[in-house]
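The end of the sequence shown is residue 160 by this note's numbering, with every number in the run present. Cβ atoms here follow ideal geometry from the backbone N, Cα and C, with glycine treated the same way. What you are looking at is a predicted structure, and each value in this text was computed from that prediction instead of being measured. Right, one structure below, let's go through it.
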Amino acid sequence: PERVRAAAILASGALLGTPEGWIERARKVRAESTSSIIIASAQRWFAPGSLAREPDLTGRLLHALQHADDESYALCCEALADYDLRDGLGAIAAPVLAAWGEHDAVAPEAKAAEIVAGVRHGSIAEITDAGHLPPAEQPAATAALLRNYFDAQSDAQEES
Numbered sequence: 001p002e003r004v005r006a007a008a009i010l011a012s013g014a015l016l017g018t019p020e021g022w023i024e025r026a027r028k029v030r031a032e033s034t035s036s037i038i039i040a041s042a043q044r045w046f047a048p049g050s051l052a053r054e055p056d057l058t059g060r061l062l063h064a065l066q067h068a069d070d071e072s073y074a075l076c077c078e079a080l081a082d083y084d085l086r087d088g089l090g091a092i093a094a095p096v097l098a099a100w101g102e103h104d105a106v107a108p109e110a111k112a113a114e115i116v117a118g119v120r121h122g123s124i125a126e127i128t129d130a131g132h133l134p135p136a137e138q139p140a141a142t143a144a145l146l147r148n149y150f151d152a153q154s155d156a157q158e159e160s
């Protein structure tokens, strides 16, 4: 912790989904491959209109999922079934920015707010016209948000 002056969490949460949901996804991928979750992932990952507006980008991301190793993906799902960091948030002393995409159904504003409420020094921000992958859908806005946040944190530390 003493090496971290500030942190940013994008489109995530201290708890995502339910254990049952992750175990079911792992089962589905093992039985039917990652190809079986492409449509649902496209609906969860991207803001409305992104598939039509950015077909090359969204296609590359969905193809990466489709070609992921099924067993490795299933194992990640099983790891996420046990993922719950809520009890540890209060131990985080560094300032934390929690940001979400305006259309993120996976890690919406409530997940960012939970992080901000749990850490000692939290800030919250929305990235407009983005879903669950703001750095991909809105790279300039994401970069500007992060740059401004970390610059402000550096300035505050220099003043103290």
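Check residue i in the structure and name its three-state DSSP category.
i	result
S12	coil
A40	helix
G118	helix
A47	coil
E126	strand
A52	helix
A7	strand
L172	Lying before the first or after the last residue shown, residue 172 is absent from the chain, which here runs from 1 to 160.
A105	coil
Counting along the chain, where does the beta strand (DSSP E) carrying residue i start and finish?
i	result
L97	V96 to G101
Can you tell me where the alpha helix (DSSP H) holding residue i begins and where it ends?
i	result
E24	P19 to E32
A156	P139 to E159
Within 10 angstroms of the Cβ of residue i, are there 16 or more other Cβ atoms? Answer buried if so, exposed if not.
i	result
G13	buried
H103	buried
R147	exposed
V4	exposed
A74	buried
A156	exposed
A50	The residue you asked about is not Ala; residue 50 is Ser in the sequence shown. Classification of S50: buried, given that the 10 Å Cβ count is 16 or more.
H132	buried
Three-pair Cβ contact test at 8 Å for the region 132-139 versus the region 52-66 = yes
query = In the region 62-93, which residue ranges form an unbroken alpha helix (DSSP H) of at least 4 residues, counting only runs that do not cross its ends?
reply = 70-81
query = How do the region 141-155 and the region 113-120 stand: do at least 3 beta-carbon pairs fall below 8 Å, yes or no?
reply = no
inquiry  = Under 8 Å: do the region 118-131 and the region 27-39 share three or more Cβ pairs, one atom per stretch?
reply    = When C-beta atoms of the region 118-131 are compared with those of the region 27-39, fewer than three pairs fall below 8 Å, so the two segments do not count as touching.
task = Decide if the region 15-33 is in contact with the region 64-81; the criterion is three or more beta carbon pairs, one per stretch, under 8 Å apart.
result = yes
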